[in-house]
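So the sequences go chain by chain: A and B.
Heads up: the first sequence begins at 124 in the working numbering, then just goes up one per residue.
Heads up: the second sequence begins at 47 in the working numbering, then just goes up one per residue.
Just so you know, even glycine gets a beta-carbon here, dropped at the ideal spot from N, CA and C.
Structure record follows, encoded as structure tokens.
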Amino acid sequence: MANKPDKPKKRHALGTRIWHWVNLVSVTILFMSGLNISNAHRRLYWGDWGFAAEQAWLEVPRFPGWATIPGYYSLAAARDWHVLFAWVFAVGLLVFMISAIRNSHFKRDLFTRLAEWRPANIWHDIREHLRFNFEHEGVKFNFLQKVAYSKVIFLLLPLMIFTGMVMSPGMEAAWPWLTEVLGGRQSARSIHFICAWLLFAFFVLHIVLVLLSGPVKQIRDMITGGGE
Amino acid sequence: MKRRNFLVGIGAAFLAGCKEVGDSKWFEALVDTAEGWHRGIHRTLGVGRIAMAPEYEREDLSPFFRGNGSLTVDTDEYRAALEAGFSDWKLEISGMVDTPLSLSLDDIRALPQRTQITRHDCVEGWSAIGEWTGPQLSHILELAGVQDGAKFAVFTCADNLNGQDYYESCDMDDAVHPQTIVAHQLNGEALPERNGAPLRLRLERQLGYKHPKYLTGVQLVSSLDDIAGGKGGYWEDRSGYQWYAGI
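Written out as structure tokens, the structure reads:
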């Protein structure tokens, strides 16, 4: 068996906490300004191009002002917010990833071990969740948490950044291979939209589970780090 | 119930804060800075070669090329010019050049031509692929002779949208880029009216509003401050769109 890294003193490392709250702000702004941008052209396509209803795979509803930044339709202002906070979001993710590799957070808490993929273990985890029992001795996260967090951190968040970059014609001229990897600009735009809503679903689930598992302590620990 | 009120209160405060910040001068300065960083990183990542917009094959062409914004020029002169096949249309090259030029369509067609199949991305989000033909702007600027100190190319247009003349501008890096052409053909035929007949600039590394239609002039300048609203383009002046539309 590999050596277990030392158990940290705090429940959440400082880097994790800073990233968590910076992300709450930047992802919220990106999501709401993104809904405003979506209102500019409410159709999604696959492939390189598309502009008309007959090429679309989805007609997107118009998002109301209370859900968008700014609170009225302005593609120009929404793009200002979006491309500014894209920097905060992308640089924040990069710094968090570096710090989480350095303090072994990924290795210790997020990577699943083969044994955890046994159906009995997964089933046990689901049952405990349905009973609202969120105690898990010894390890920090249970199997479902590990899978959810690692999918978000290693798949959804990077995909948001890369699909966003593909939509930038200046970026595309510098890195044209990225557009091909993601199946064309309109595919990237569709994936960007889908991943945004998957992140929203994660957000809702996350909030619900925090509320069910002692929200005051959870929020306090995410601010102070929590103790032993 | 109290918790819900608390959350609603936080949400409302957040939105009010966003509005306050969004209206402030420093936020405007900050987004301009971020825009500059994006431009810087795009140019840096493409270093060592000329970063080119992707080019496609004929079978990738969109069946029809959508028109957006101005779909015509609503003047009698333009109607007459359209009827006459634009025989009197002139493209004026002026500003910080050694020899100002006045090019007819025949002059433009007689220059070495570049044909490129590229994807046009509107700021709204849609894309269309078209084949564009015309001389490289770099070649035209070479003929005129670019003077030291020229920093921007300003493009003037015949169309008037909501009471203001359309115009656009770009830096010299984009102006002399190999894919920056003065297109007079779309998909092998004379440029259609809705797409900017008789001339449209192609600025392939930026969004659609940076590709001015009904082109009448290219002026080299050292500053954009004294031109129209001072922000370098129709949509920039009118609605605050980003001048660098490579994002």
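Using 9 Å as the threshold, is the C-beta distance between residue i and residue j below it?
| i | j | result |
| --- | --- | --- |
| B:W178 | B:T161 | yes |
| B:E214 | B:H257 | yes |
| B:N233 | B:L107 | yes |
| B:G115 | A:I160 | no |
| A:M283 | A:L322 | yes |
| A:D344 | A:R185 | no |
| B:Y290 | B:G82 | yes |
| A:V218 | A:G138 | yes |
| A:D203 | B:G276 | no |
| A:R287 | A:A209 | Here residue 287 of chain A turns out to be Gly, not Arg, going by the sequence shown. Yes, these two residues count as a Cβ contact at 9 Å. |
| A:V150 | A:F326 | yes |
| B:L270 | B:V222 | no |
| B:G141 | B:Q265 | yes |
Measuring only between beta-carbons, confirm whether residue i sits less than 9 Å from chain A.
| i | result |
| --- | --- |
| B:D167 | yes |
| B:L45 | Because chain B here runs from 47 to 293, residue 45 of chain B falls outside it and cannot be looked at. |
| B:G286 | yes |
| B:A229 | no |
| B:K65 | yes |
| B:S269 | no |
| B:D283 | no |
| B:S108 | yes |
| B:P244 | no |
| B:P146 | no |
| B:P258 | no |
| B:V54 | no |
| B:Y280 | no |
| B:Y290 | yes |
For residue i, which option in the options has the closest C-alpha, if you only look at C-alpha atoms?
| i | options | result |
| --- | --- | --- |
| B:A190 | B:R240, B:W72, B:W172, B:L137 | B:L137 |
| B:T226 | B:L147, B:L253, B:K71 | B:L253 |
| B:E129 | B:I154, B:P244, B:S173 | B:P244 |
| B:T164 | B:W83, B:I87, B:P100, B:A80 | B:P100 |
| A:N256 | A:M290, A:I342, A:S336, A:A199 | A:S336 |
| B:G209 | B:G141, B:I139, B:R284, B:P109 | B:R284 |
| A:K269 | A:K133, A:L278, A:L233 | A:L233 |
| A:V183 | A:E251, A:R343, A:I317 | A:I317 |
| B:T202 | B:A58, B:L53, B:V267, B:D194 | B:V267 |
| B:F111 | B:P224, B:P181, B:Q193, B:C168 | B:C168 |
| A:F174 | B:Q288, B:P109, B:T79 | B:P109 |
| B:V200 | B:Q231, B:S133, B:I139 | B:I139 |
| A:G170 | A:H315, A:G348, A:G306, A:T347 | A:G306 |
| A:R312 | A:W142, A:H164, A:L147, A:V145 | A:H164 |
| A:W298 | B:I96, B:S173, B:Q193 | B:I96 |
Spell out whether any CB of chain B is found under 9 Å from the CB atom of residue i.
| i | result |
| --- | --- |
| A:R254 | no |
| A:G173 | yes |
| A:A125 | Because A:A125 sits at a pLDDT of 45, beneath the cut-off of 50, its placement in the model cannot be relied upon, and the following sentence gives the value as read from the coordinates. A:A125 does not count as touching chain B. |
| A:H143 | no |
| A:Y168 | yes |
| A:T151 | yes |
| A:S197 | yes |
| A:R225 | no |
| A:W240 | no |
| A:V331 | no |
| A:Q341 | no |
| A:W189 | yes |
| A:I160 | yes |
Using a Cβ cut-off of 7 Å, pull out every chain B residue sitting near residue i, in sequence order please.
| i | result |
| --- | --- |
| A:D232 | None at all; the shortest Cβ gap to chain B is about 28 Å. |
| A:A200 | G68, G286 |
Chain A partners of residue i, CB-CB under 7 Å?
| i | result |
| --- | --- |
| B:L61 | G194 |
| B:M218 | Near B:M218 there are no residues of chain A at all, since even the closest Cβ is about 16 Å away, more than 7 Å. |
| B:I293 | V206, S291, G293 |
| B:I175 | D171, W172 |
| B:A97 | A296, A297 |
Name the chain A residues whose beta carbon is nearer than 9 Å to that of residue i?
| i | result |
| --- | --- |
| B:H84 | V206, A209, W210, S291, G293, M294 |
| B:E81 | D203, V206, L207 |
| B:R112 | F174, A175 |
At 8 Å on the CB atoms, spell out the chain B contacts of residue i, in chain order.
| i | result |
| --- | --- |
| A:A164 | In the sequence under discussion, the amino acid at residue 164 of chain A is His, which differs from the Ala named in the question. Correct list: C168, E170, G171, W172. |
What in chain A is Cβ-close to residue i, meaning under 8 Å?
| i | result |
| --- | --- |
| B:Q252 | P292, G293 |
| B:L91 | M294, A297, W298 |
| B:H88 | S291, G293, M294, A296, A297 |
Against chain E, which members of the stretch 295-318 of chain A pass a CB distance test of less than 9 Å? No chain E is present in this structure, whose protein chains are A and B.
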